[in-house]
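The structure appears right after this line, and notes come after that.
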């Protein structure tokens with residue numbers, strides 16, 4: 087579903103062109119899963135309910151032949167643990183019967199079953215921009231967020247800027263949490279792209295050139311870098327000769343990865 091939600095241009099087009107009194111009917115044809123999903127989501131947002139993907143059926147070749155989208159309130163929540171929870175989420179699922187079922191042949195989606203009745207109240211119009219399935223960050227906004235992050239501007243300030251440019255957060259199509267999640271994903275992609283390994287390779291090269299250069303790294307259970315320490319040879323020599331006090335300062339925070347950078351500063355009597 088993530089890939090479907092990323093096509094913001096197609097979703098915006100479908101939402102804009104959807105007639106107010108549009109209703110699904112048995113036998114309706116859609117050229118692809120993308121078109122079928124976005125049409126149902128656009129319809130749902132207009133009514134005031136969320137959508138999620140449900141069951142699929144496959145043939146002997148592993149091809150999907152049936153697909154169901156349901157109301158976000160379908161089914162019932164199951165308690166996964168009896169342990170005390172830190173917080174209680176509002177109950178959303180109430181066994182809503184609304185759903186739409188498609189028969190799929192060569193990618194073409196045909197409506198074969200459709201239930202439009204719900205057993206709950208719809209979300210008010212002024213809150214419909216918060217419905218999860220309809221929240222998407224446009225490619226333009228993504229570009230602005232990335233550029234602002236590179237300039238050292240945090241996610242909250244970047245979101246406020248975009249909201250102001252759009253005439254209010256209700257016109258953005260996404261919320262602050264979506265913005266923060268996107269920036270976190272971008273930072274992870276940068277790190278996974280080789281930043282950490284390039285840094286370690288650089289340190290290893292420096293250590294070969296000068297054995298007095300020291301570095302050490304700490305990783306988590308999945309092998310991801312969590313802490314990194316390094317010290318050049320001159321710092322070691324100066325401390326051996328003059329060092330009286332070492333000050334450890336963690337007030338500096340880098341902007342790119344939001345990681346603490348602690349400085350060891352030597353203070354001597356000269």
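In my numbering, the protein residues as written are 87 to 356.
Here a beta-carbon is modelled for each residue, glycine too, at the ideal position from N, C-alpha and C.
Around the Cβ of residue i, are there at least 16 other Cβ atoms within 10 angstroms (buried) or fewer (exposed)?
i           : result
residue 241 : buried
residue 238 : exposed
residue 148 : exposed
residue 305 : exposed
residue 259 : buried
residue 290 : exposed
residue 218 : exposed
Taking the CB atoms as reference points, tell me whether residue i and residue j lie closer together than 9 Å.
i           : j           : result
residue 128 : residue 160 : no
residue 110 : residue 198 : no
residue 215 : residue 271 : no
residue 253 : residue 131 : no
residue 296 : residue 318 : yes
residue 314 : residue 301 : yes
residue 126 : residue 186 : yes
residue 231 : residue 265 : yes
Looking only at its chain, what residues have a beta carbon closer than 8 Å to the beta carbon of residue i, apart from the 5 residues adjacent to it on each side?
i           : result
residue 150 : 142, 143, 144 and 190
residue 140 : 154, 155, 156, 160 and 185
Can you tell me the Cα-Cα spacing of residue i and residue j, whole angstroms?
i           : j           : result
residue 91  : residue 222 : The pLDDT assigned to residue 91 is 44, lower than 50, so where the model puts this residue is not dependable; a value taken from the coordinates is nonetheless given after this. Cα to Cα, the separation comes out at about 7 Å.
residue 119 : residue 113 : 15 Å
residue 248 : residue 212 : 19 Å
residue 292 : residue 195 : 59 Å
residue 294 : residue 323 : 18 Å
residue 135 : residue 303 : 48 Å
residue 262 : residue 284 : 32 Å
residue 282 : residue 268 : 20 Å
residue 206 : residue 311 : 47 Å
residue 309 : residue 288 : 19 Å
residue 203 : residue 193 : 28 Å
residue 307 : residue 316 : 22 Å
residue 273 : residue 146 : 41 Å
residue 225 : residue 152 : 31 Å
residue 299 : residue 250 : 49 Å
residue 177 : residue 137 : 16 Å
residue 234 : residue 286 : 27 Å
Residues in the same chain with beta-carbon distance under 6 Å from residue i, minus the five sequence neighbours each way, listed in chain order, please.
i           : result
residue 179 : 159, 161, 162 and 163
In this structure, what does DSSP give as the bridge partners for residue i?
i           : result
residue 303 : 314
residue 154 : 187
residue 200 : 186
residue 115 : 196
Excluding the 5 residues preceding and the 5 following residue i in the sequence, name in chain order all residues of the same chain whose CB lies nearer than 7 Å to its CB.
i           : result
residue 227 : 248
residue 122 : 116, 188 and 195
residue 108 : 129
residue 208 : 133, 134 and 135
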